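Novice:
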Amino acid sequence: MDTFKSFESKIYSLNDQSFTDIALEIFRFQAEANPVYASYIRNLRIKVSEVKQLTDIPFLPISFFKSQQIQSGSWTPQTVFQSSGTTGMTTSKHAVADLLFYQKNSQMCFEYFFGQVSHYNFLALLPSYLEREGSSLITMMDHFIKSGGGYSGYYLHDHTRLLEDLEKLRDSDGKKIILWGVSFALLDLVEYGPVDLGHCHVFETGGMKGRRKEITREALHNALKTAFNLPAVYSEYGMTELLSQAYTTGTNRFLCPPWMKIIGREPGDPFSKGLLGETAGINVIDLANWQTISFIETEDIGKVFSDGSFEVLGRMDNSDIRGCNLMIG
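Numbering (this note's numbering), first residue to last: -11 to 317.
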């Protein structure tokens, strides 16, 4: 665990120049301490000593989380996050060594963009996530609710009480208000008619869960802005297999905290990496994920831009539909 503490201090004090050095250090550690990743590297016939830059690093396909326990070092999981899925679908499982670290890291991701969690009331509309076990999103939201203002809480399917409380909070305790919801539940709320939520920040975390037809993120945001009198809608990008989250801050581009980076890959060639401004497969470097794997080849497609921001455009063909934080558009 001394190695883990060393990595923790490094990732939270890195800068643009030191990111690559720390990423390569974590890569070398995981290439030795993670049996699944080590085997994958051997099968690719990649020599660890010859990996000198970020685009040289092999990214582990995210599908490995469905069949293997991905773990770097020897430790006993405190919990296991599990992705959602339809009946019969194989789900991803992510063993977590330190639950408090996950909560701390999620808080730091949020606060990097939006300020202290304690300055907000979090009103969460997350049916489907609340109705199963092992959700990383619910673990994060539990922490935000406990750390936030005194009016924070879950509403499951109680839209009437949610709208009443949102109105009560308009001028209540001085805290900012966040309505955080899964996409289909926010659209269900739209059907209650136009509601002025101009005093709130609305965060969508993607996912129609088979409850509604998939629509583009742009169409979703436009519907929410019109119905709720909002200047902007915010989005969160995270997944069971990661520990960190990226956020939009009023535009359609996601931004990463300093210890997270997106690298675009050629959709037809997973080993051709570094695409900018073109439709690309999304590879994620999450340095906070040193206890499992920090280099993940996702099944999402999008665009990566030179300033580090990125867009999510949808899913690769023939990949399973993941319930968390994904939309087409």
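Every residue gets a Cβ at the ideal spot worked out from N, C-alpha and C, and that includes glycine. These numbers come from a predicted model, not from an experiment.
1. Compare the Cα-Cα distances from Ser60 to each of Phe15, Lys291, Ser37 and report the closest residue.
2. Just to confirm, is the Cβ distance from Ala19 to Val36 under 8 Å?
3. Nearest to Asp135 by CA position, among Gln56, Gly103, Asp153, is which residue?
4. Say the cut is 7 Å; is the CB of Thr280 nearer than that to a heavy atom of the ligand GDP?
5. Report the start-end ranges of each alpha helix (DSSP H) in the segment 174 to 235 that is 4 residues or longer and not cut off at the edges.
6. Compare the Cα-Cα distances from Leu113 to each of Thr79, Ser160, Phe52, Gly194 and report the closest residue.
7. Reducing DSSP to helix, strand and coil, say where Cys312 ends up.
8. Can you give me the start and stop residues for the alpha helix (DSSP H) that Asp4 sits inside?
9. What are the residues that DSSP puts in a beta bridge with Thr67?
10. Taking the alpha carbon of Pro46 as the reference point, which residue from Ile166, Ser297, Lys54, Ser27 has its own alpha carbon closest?
11. With respect to the alpha helix (DSSP H) encompassing Asp130, which residues constitute its N-terminal and C-terminal limits?
12. Got a sec? Which residues, its chain only, sit under 8 Å from Arg241 by beta carbon, not counting five neighbours each side?
13. Mapping the DSSP letters down to three states, classify Phe259 as helix, strand or coil.
14. Check the DSSP bridge columns for Arg158 and list the partner residues they point to.
15. Note down the Cα distance separating Glu(-4) from Phe110, rounded to an integer number of angstroms.
16. Trp168 lies in the beta strand (DSSP E); which residues open and close that run?
17. Does DSSP put Asn109 in a helix, in a strand, or in coil?
18. On the DSSP bridge list, what partners appear for Ile242?
19. Under a three-way DSSP split, which group does Arg33 fall into?
20. How many angstroms separate the CA atom of Asp130 from the CA atom of Phe191?
21. Could you check the C-alpha separation between Phe132 and Glu38 for me, to the nearest Å?
22. Tell whether a beta-carbon distance below 8 Å holds between Tyr108 and Lys163.
23. Given that a residue counts as buried once 16 or more other Cβ atoms are within 10 Å of its Cβ, and exposed if not, what is His209?
24. Quick one, are the C-beta atoms of His82 and Phe69 less than 8 Å apart?
25. Would you decide whether Thr148 is buried or exposed? Buried here means 16 or more other CB atoms lie within 10 Å of its CB.
26. Within the same chain, show all residues whose beta-carbon is closer than 6 Å to that of His145, passing over the 5 residues directly before and after it, in chain order.
27. Taking C-beta to C-beta, are Thr237 and Ser71 nearer than 8 Å?
28. Please classify Asn324 as buried or exposed, where buried requires at least 16 other C-beta atoms within 10 Å of its C-beta.
29. Hey, quick one: how far does the beta strand (DSSP E) through Glu320 stretch, first residue to last?
30. Determine the extent of the beta strand (DSSP E) in which Val272 is found, giving its start and end residues.
31. Since Met248 is in the beta strand (DSSP E), which residue starts that stretch and which ends it?
32. Skipping 5 residues on each side, what residues in its chain have a beta carbon closer than 7 Å to that of Thr78?
33. Might you give, ordered along the chain, the residues of its own chain that have their beta carbon closer than 8 Å to the beta carbon of Gly265, omitting 5 neighbours on each side?
34. Between Asn277 and Tyr225, what straight-line distance do the alpha-carbon atoms span, to the nearest angstrom?
Specialist: The structure says:
1. As a working note, residue 60 is residue 72 in the sequence shown. If we check each option's Cα against that of Ser60, Phe15 comes out closest.
2. Translated into positions along the sequence shown, residue 19 becomes position 31. Translated into positions along the sequence shown, residue 36 becomes position 48. Their beta carbons are under 8 Å apart, which means Ala19 touches Val36 by this criterion.
3. What you label residue 135 is simply residue 147 of the sequence shown in a count that begins at 1. Before going on, a small fix: residue 135 reads as Ser here, not Asp. Answer by Cα proximity: Gly103.
4. Of ligands this structure carries none, so the ligand GDP is not represented either.
5. 205 to 216
6. Here the question's residue 113 lines up with position 125 in the sequence shown. Scanning Thr79, Ser160, Phe52, Gly194 for the CA closest to the CA of Leu113 turns up Gly194.
7. Numbered from its first residue, the sequence shown carries residue 312 at position 324. Residue confidence is low: Cys312 scores 39 on pLDDT, short of 50, so the model does not pin down where it sits. Its coordinate-derived value is still stated next. Coil at Cys312, not helix or strand.
8. Taking the sequence shown and counting its residues from 1, the one referred to as residue 4 is at position 16. From DSSP, the alpha helix (DSSP H) with Asp4 extends over 4 to 21.
9. The count along the sequence shown starts at 1 and reaches residue 67 at position 79. Beta-bridge pairing links Thr67 to Val84.
10. Here residue 46 refers to the residue found at position 58 of the sequence shown. Comparing Cα positions, the closest option is Ser27.
11. What you label residue 130 is simply residue 142 of the sequence shown in a count that begins at 1. Run containing Asp130: 124 to 135, per the alpha helix (DSSP H) assignment.
12. Numbered from its first residue, the sequence shown carries residue 241 at position 253. Cβ neighbours of Arg241 beyond the five flanking positions: Phe293, Ser297, Phe298, Glu299.
13. Your numbering for residue 259 matches position 271 in the sequence shown. Phe259: strand per DSSP, three-state reduction.
14. On the sequence shown, position 170 is the one that residue 158 refers to. According to DSSP, Arg158 bridges with nothing at all.
15. Within the sequence shown, residue -4 is the residue found at index 8, counting from 1. Within the sequence shown, residue 110 is the residue found at index 122, counting from 1. Glu(-4) and Phe110: Cα-Cα distance of roughly 27 Å.
16. Position 180 of the sequence shown, counted from the start, is the residue given in the question as residue 168. Trp168: member of the beta strand (DSSP E) spanning 164 to 169, first to last residue.
17. Against the sequence shown, residue 109 aligns to sequence position 121. Strand, per DSSP.
18. Residue numbering aside, residue 242 sits at position 254 when the sequence shown is read from its first letter. For the record, residue 242 in the displayed sequence is Phe; it is not Ile. Phe242 pairs with Thr236, Phe298.
19. By one-based count along the sequence shown, residue 33 stands at place 45. Arg33 falls in the coil class under three-state DSSP.
20. Position 142 of the sequence shown holds residue 130. Position 203 of the sequence shown holds residue 191. So the alpha carbons of these two residues sit roughly 16 Å apart.
21. The count along the sequence shown starts at 1 and reaches residue 132 at position 144. The count along the sequence shown starts at 1 and reaches residue 38 at position 50. Roughly 42 Å separates the two Cα atoms.
22. For the purposes of this step, residue 108 is taken as residue 120 along the sequence shown, with counting starting at 1. For the purposes of this step, residue 163 is taken as residue 175 along the sequence shown, with counting starting at 1. It is a contact, given that the beta carbons lie within the stated cut-off.
23. Sequence index remark: in the sequence shown, residue 209 carries index 221 (1-based). Result: buried.
24. As a working mapping, residue 82 is identified with position 94 in the sequence shown. As a working mapping, residue 69 is identified with position 81 in the sequence shown. It is a contact, given that the beta carbons lie within the stated cut-off.
25. Translated into the one-based positions of the sequence shown, residue 148 becomes position 160. Looking at its Cβ environment, which holds fewer than 16 other Cβ atoms inside 10 Å, Thr148 is exposed.
26. Residue 145 sits at position 157 when you count from the first residue of the sequence shown. Cβ within range, chain order: Pro115.
27. Within the sequence shown, numbered from 1, the residue matching residue 237 stands at position 249. Within the sequence shown, numbered from 1, the residue matching residue 71 stands at position 83. Between Thr237 and Ser71, the gap from beta carbon to beta carbon reaches 8 Å or more.
28. This structure does not reach residue 324, given that the chain is present from -11 up to 317, and the question cannot be answered.
29. In this structure the chain extends from -11 to 317, so residue 320 is not present and cannot be described.
30. As a first step, residue 272 must be located in the sequence shown, where it is residue number 284. Per DSSP, Val272 belongs to the beta strand (DSSP E) from 268 to 274.
31. The residue labelled residue 248 in the question sits at position 260 within the sequence shown. Its beta strand (DSSP E) spans residues 248 to 254.
32. In the sequence shown, the residue the question calls residue 78 occupies position 90. Excluding positions up to five away in sequence, the list reads Lys54.
33. Your numbering for residue 265 matches position 277 in the sequence shown. Lys291, Val292, Phe293, Ser294.
34. Along the sequence shown, one-based indexing puts residue 277 at 289. Along the sequence shown, one-based indexing puts residue 225 at 237. Spanning the two alpha carbons is a distance of roughly 15 Å.
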